[in-house]
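Down below is the structure, laid out as structure tokens.
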Amino acid sequence: MNKQISLRGRAARGLRTGLLTGLLAAGFSAAQAQQLPPAPGNPVIKHKYTADPAALVHKGTVYLYAGHDEAPAPEQRYVMHEWLCFSSTDMVNWKEHPSPLNVKAFSWAKDDAWASQVVERGGKFYWYAAVEHGSVPGKAIGVAVSDSPTGPFKDARGSALITNNMTTDAKISWDDIDPTVFVDDKGQAYLYWGNTICYWAKLKPNMTELDGPINQIKTLPNFTEAPWLHKHGGWYYLSYAYQFPEKIAYAMSRSPEGPWEFKGLLNEVAGNSNTNHQAIIDFKGQGYFIYHNGSIPTDGGSFRRSVCIDYLYYNKDDTMKRVQMTSEGVKPVQ
Ligand code: FUB
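See the structure below:
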């Protein structure tokens, strides 16, 4: 996959929105969480570029984690140094928390705060994140830990959990990205990740070590990256970025270890972005599809992306309906 391909070509200015100006004028401080001004519709975060969403439902609150696209326009490359955290109890009104994790927290990493996911286990929060390794050429996956979903997070191992030399079948340096972690009802945790090859491995209960071999799933057609594992009813769903530019497709299984049956497309190419990275949650009885597009005028695009949220519906046979991407987004849920 050519990560430098862009779907847009407009030269542009730096990010300037009225909301950002408003926040700065209101004395936004990095020291404390800040309720964002009401701004219904997609994208949900309008004053910063946000990418690669992951979401965690915890005690009646949704925590939205995202990478921070900081490439100045018109640069067509990823500039990402930190991850961001937002929270909401109604999916529309969002609070911004101080950035809980920066690539610098991983002393062994060079840069590139790429896709990530936070999961909770036993009252601790584990943040799995893709970064560029400082001494093992290629991308790597680190894990940070905190007692709170909003951090601060610290490196849980002092070394990478996954490095590029652990997965040698893919002849690219960026196949160890996009971690998703799922803890099943029996307490077994699974790590899925990959680019061009979808890998998975069991995690030990400490959540910071592999518990067995690295496996590959070979039944996901056109797997590009961005696996996300979720459970709904008695089914496990493995959604992923399909082809390039990316759509989202998915497979289903009765077990997190497969076999996986491909079910087709879930989402189309997301406006003005060549990547398309999803998180899927149920919250207060409703399914949500969280993704990014490049829709913020005038500089939004593949390297200045924005998180959006639309509804996700299931069919009677438990397959998922194709997502309808909207400008209106979702309504507040009580
Ligand atoms: O944001 C950098 C990379 O682009 C992510 O790791 C991929 O999922 C794609 O969105």
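Letter by letter, the sequence shown follows residues -33 to -1, 1 to 301 of mature numbering (1 follows the signal peptide of the UniProt record, and there is no 0). Just so you know, even glycine gets a beta-carbon here, dropped at the ideal spot from N, CA and C. None of these values were measured; they are calculated from a predicted model.
Original post:
Helix, strand or coil for residue 98 per DSSP?
Top reply: In this structure, residue 98 counts as strand in the three-state DSSP scheme.
Can you give the beta carbon distance from residue 22 to residue 34, rounded, assuming they're within the 8 Å contact cut?
-> 14 Å between Cβ atoms; not a contact.
Apart from the five residues just before and just after residue 28, which ones in its own chain have a Cβ nearer than 6 Å to its Cβ? 54 and 56
- Do you know how far the Cα of residue 283 is from the Cα of residue -2? 44 Å
Quick one: what does DSSP say residue -12 is sitting in, helix, strand or coil?
No answer about residue -12 holds up, because its pLDDT of 37 lies below 50 and its placement is not dependable.
Q) For residue 34, is the beta carbon positioned less than 8 Å from some heavy atom of the ligand FUB? A) yes
Measure the alpha-carbon distance for residue 296 versus residue 9 and round it to whole angstroms. Rounded to the nearest angstrom, the two C-alpha atoms are 5 Å apart.
- Task: Leaving out five residues on either side along the sequence, give the residues of the same chain with a beta carbon under 6 Å from the beta carbon of residue 141.
- Result: 106 and 162
_residue 212, buried or exposed, once every other Cβ within 10 Å from all chains shown has been counted against 16_ = buried
Quiz prompt | Runs of beta strand (DSSP E) lying entirely within the segment 210 to 279, each at least 3 residues, in chain order | solution = 214 to 220, 228 to 234, 246 to 250, 253 to 260 and 273 to 279
*From the DSSP output, in three-state form, read off residue 133 for me.*
helix
### Task
Could you tell me the distance, in whole angstroms, from the CA atom of residue 233 to the CA atom of residue 217?
7 Å
Assign residue 293 to buried or exposed, taking buried as 16 or more other Cβ atoms, counted over all protein chains shown, within 10 Å of its Cβ. exposed
Just curious, the beta strand (DSSP E) that residue 51 is in, first and last residue?
49 to 55
- Is residue 264 buried or exposed, if buried means 16 or more other CB atoms sit within 10 Å of its CB? It counts as exposed.
query: Straight-line CA distance for residue 206 to residue 260?
result: 17 Å
What I want to know is whether the C-beta of residue 176 ends up closer than 8 Å to one or more non-hydrogen atoms of the ligand FUB. no
Relative to the alpha-carbon of residue 157, which residue among 136, 181, 143 and 74 has its alpha-carbon at the smallest distance? 181
Query raised in the report: Considering only C-alpha positions, which residue in the set 92, 132 and 110 is nearest to residue 102?
Result: 132
- Item | Beta-carbon proximity of residue 328 to residue 109, cut-off 9 Å | Limits of the chain in this structure are -33 at one end and 301 at the other, which puts residue 328 out of reach.
Taking the beta strand (DSSP E) that residue 20 falls in, what are its first and last residues? 17 to 25
Given 8 Å, three or more beta-carbon pairs between the segment 243 to 251 and the segment 219 to 226: no
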